[in-house]
Amino acid sequence: TSATRLRALNLKWMDYSIDPKHNVTEHLRVMSSMIRDLKAAGRDVPDEEQVVNVLRSLPSDTEEWINFKLLMSHNKNIKTFNELAKHVEMEVERQKALKPHTPIAALVVHNKFKNNKGKRGQKGRRPTKTNGPQDGVQKQQKAKEPKRVNLARVKCYNYEKKGHFAQNCAEPKKIWRRAST
C-alpha cells in the first residue's frame, strides 16, 4: 500500500496545475504540502525538480505569467522552492499593482456626466474649461509623457559649450578649483 500511495502522490505531483478556484498563494501551499507528503512517503524531491514543477503548474493564461515563467526558468539564482515562492508572490503583488483601480474609473465616469450648471450670469460661478484634458485618465496619460529638452540650447558645465549635458560629455572631466582669498 505504501508503494501505491507513493505512486499516486508522484502522479499527482507530476500532473498538478493550478486550480482555477485557488489563488497563487494557496497553490504554493498545496505544492509545498505535496513535497512534504512525497518526502514522508520516502521519495526525496530534488530542489531543481521542485522549481521546474512549480513553474510548470503556474497559470499560462496571460502574457505576464508566460513571461514570468520564461524568466524564472532561465534564472540561475532560483534554486529552491522557497526562493521561487518569494518571486511568485512578488509577481502577484506586481500584477495587482498594475491593475486599474475601480474608484478612479468610477470618479472619471461621475465627473464626465456631472450636471454642469456654471454660467457666467450666476454670481460666484465660472464656466468649466473646455480645452485640455477632460478627465483623470487623460491627465494621467499627459503626466507620464517625458519632458523634451532642446539640446541645442543646453550648455555643458564641463567645458562650457552647447549641445549636451555635462554627464554626457566626451571630454575628460575638468577639475574646478576655488579661487583663494
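In my numbering, the protein residues as written are 1 to 181.
Where is the CB? At the ideal position from N, CA and C, for every residue including glycine.
- The beta-carbon separation of S17 and S57, rounded to 5 Å, stays under the 8 Å limit for a contact.
- Beyond the five residues adjoining it in sequence on each side, A152 comes within less than 6 Å, by CB distance, of no other residue in the same chain.
- The Cβ atoms of M14 and N53 sit closer than 9 Å to each other.
- The beta carbon of L55 sits closer than 8 Å to the beta carbons of K69, M72, S73, L84 from its chain, once the five residues preceding and following it are set aside; these are given in chain order.
- DSSP, reduced to helix, strand and coil, places K69 within a helical segment of the structure shown.
- Between K39 and V30, the gap from beta carbon to beta carbon reaches 9 Å or more.
- In the same chain as T25, and ignoring 5 residues on each side of it, the C-beta atoms closer than 8 Å to its own belong to E89, V92, in chain order.
- By the neighbour-count criterion, in which a residue is buried when 16 or more other Cβ atoms sit within 10 angstroms of its Cβ, F165 is exposed.
- Pairing V154 with Q167, the inter-Cα distance amounts to about 12 Å.
- Residue burial is scored here from C-beta neighbours: V51 has at least 16 other C-beta atoms within 10 angstroms and is therefore classed as buried.
- Distance from the CA atom of A41 to the CA atom of P100, rounded to whole angstroms, is 45 Å.
- Counting along the chain, the unbroken alpha helix (DSSP H) around T25 starts and ends at 24–40.
- Contact check for E171 against N158 passes: the beta carbons are separated by less than 9 Å.
- A distance below 6 Å between beta-carbons, with the five flanking residues on each side excluded, links F81 to the following residues of its chain, in chain order: Q50.
- Remark: C-beta atoms of K162 and C169 do not approach each other more closely than 9 Å.
- Rounded to the nearest whole angstrom, the CA to CA distance from K173 to R94 is 41 Å.
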